[in-house]
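The structure under discussion appears below in the form of structure tokens.
Listed below in structure tokens is the structure:
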């Protein structure tokens, strides 16, 4: 306080501001002009930022160049693979064309020839079968001969070896089941009063049968005569 005038005490905020003036209770900062050294420092900082950005751009550009190189290698590989595939497909087309024009007719001819040979073999087999059947008829085998001999033996009397018939040599069935013609049965019966089977040797006496002609007739033998 001086000369009766009371001075207004400044606040801490006002005291801390280096340059200030009061205008309607508001403080405004007075801009301090930049010095030459300060401007140079700012320029250097800007230059460093630009250099750093350029380095990043160069690294990014190098990475892109490497990627482009890899892509180029892949494109070259794909192009070579495509050329190889085209050559392979071209060879396959030529082979298919040759097969259609040359190989397929040959295969078809082979199939037809094989079919003809098969038919010829079947025809030969059929002819051989017919020939064999004819030979069997003309020259019967031992089995066929045995069957024929057996049938012939059934047609003959085992005693006199004459063929049975419906008159004198009628086949009679003896007690044992074998056959004997009536003529032989009467002759044996009249001699000693008994009849002997020539097949198994069984003897039938006069007291077992009424007479030789009383044996039943074997109609089965007469049916094959």
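In full-length UniProt numbering, the protein residues as written are 1 to 225. Backbone N, C-alpha and C define an ideal beta-carbon position, used for all residues, glycine too.
field: C-beta atoms of residue 174 and residue 160 nearer than 7 Å
entry: no
- prompt: In the DSSP assignment, what are the bridge partners of residue 195?
  reply: 204
query: By how many angstroms is the C-alpha of residue 90 removed from the C-alpha of residue 99?
result: 14 Å
- prompt: Distance, Cα to Cα, residue 113 vs residue 74?
  reply: 55 Å
Those residues which DSSP pairs with residue 187 across a bridge: Residue 187 pairs with nothing; no bridge assigned.
task: Please classify residue 221: does DSSP put it in a helix, a strand, or coil?
output: helix
query: Can you name the start and end residues of the alpha helix (DSSP H) that residue 180 belongs to?
result: Residue 180 -> not in any alpha helix (DSSP H); beta strand (DSSP E) instead, spanning 179-181.
message: Could you compute how far the alpha carbon of residue 199 sits from the alpha carbon of residue 165?
response: 19 Å
task: Determine the direct distance from the alpha carbon of residue 132 to that of residue 178, and round the result to whole angstroms.
output: 37 Å
task: Closer than 6 Å by C-beta to residue 202: which residues in its own chain qualify, once you throw out the five before and the five after it? Chain order, please.
output: 176
- request: Tell me, please, which residues DSSP counts as bridged to residue 172.
  value: 180, 217
- request: Please report the Cβ distance between residue 172 and residue 218, rounded to the nearest whole angstrom; I am assuming they are in contact, meaning their Cβ atoms lie under 8 Å.
  value: 7 Å
message: Taking DSSP's pairing of strands, which residues face residue 156 in a bridge?
response: 163
- request: List the whole-angstrom C-beta distance separating residue 180 from residue 158, where the pair is believed to meet the contact cut-off of C-beta under 8 Å.
  value: 7 Å
message: Rounded to the nearest angstrom, what separates residue 97 and residue 78 at their Cα positions?
response: 28 Å
- prompt: residue 167: buried (16+ other C-beta within 10 angstroms of its C-beta) or exposed?
  reply: exposed
query: Between residue 224 and the rest of its own chain, which residues show a CB-CB distance below 8 Å, the 5 nearest in sequence each way excluded?
result: 151, 154, 155
message: Let me confirm a value: residue 55 is counted as buried when at least 16 other C-beta atoms fall within 10 Å, else exposed. Which label applies?
response: exposed
- prompt: Does DSSP put residue 35 in a helix, in a strand, or in coil?
  reply: coil
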